[in-house]
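S.K.:
In this note's numbering, the protein residues as written are 159 to 375.
1. Straight-line CA distance for residue 175 to residue 313?
2. For a quick check, are the C-beta atoms of residue 310 and residue 233 less than 9 Å apart?
3. Between which two residues does the alpha helix (DSSP H) holding residue 325 run?
4. Rounded to the nearest angstrom, what separates residue 276 and residue 318 at their Cα positions?
5. Which of the three DSSP states is assigned to residue 186 in this structure?
6. Residue range of the alpha helix (DSSP H) that residue 271 falls in?
7. Are the beta-carbon atoms of residue 258 and residue 216 separated by less than 9 Å?
8. Please list, in chain order, all residues of the same chain as residue 207 whose beta carbon is under 8 Å from its beta carbon, the five residues on each side excluded.
9. Please determine, among 252, 288, 177, the residue with the shortest C-alpha to C-alpha distance to residue 223.
Here it is as structure tokens:
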């Protein structure tokens, strides 16, 4: 990969070091370990899904309010299906109060994605942290995670061309270099990690009074 980048920049790119993740090595070394709390990736995936299915931003803002969509992370794992219905209602009610007509066809694609992916494709125990408090939920210390997130945000579309990749990575690497210099010279402080704030678990009612059509929502 580094060789391709060097050739794509007419050998003007000089890397200082190559960093590799060791996630796969840990998985192979500890095959019986239980992974808990992939909530960061869940939140990222849900936000990307919203961008893909394009419900209006004001409706997305209601869904992403603390205690609405993120309640799926802390409810009892056997209540996920019921909790999804509760979340739908929690999105619809504020929209109705604000006079916002929910765009059902766009939300239908989003909910279909959730049903196909998170309860079925992934084990609920991987991303649901019910019973754990904030202090017990792990957060990555890998600086590459933050870099990947910032890098992906700057690409106009997935799978960029080599020219686009170089055009993005060059100014970004300069920014990171300047940032590290500023920190070492005490012109700036290291960013502090945001403490994970889990929503407060709720009791999901057995009967949810939702008049929405499941075929639409």
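Each residue gets a CB set at the ideal place from its N, CA and C atoms; glycine is no exception.
M.R.: In terms of the structure at hand:
1. 23 Å
2. no
3. 320 to 342
4. 27 Å
5. helix
6. 262 to 274
7. yes
8. 268, 271, 272
9. 252
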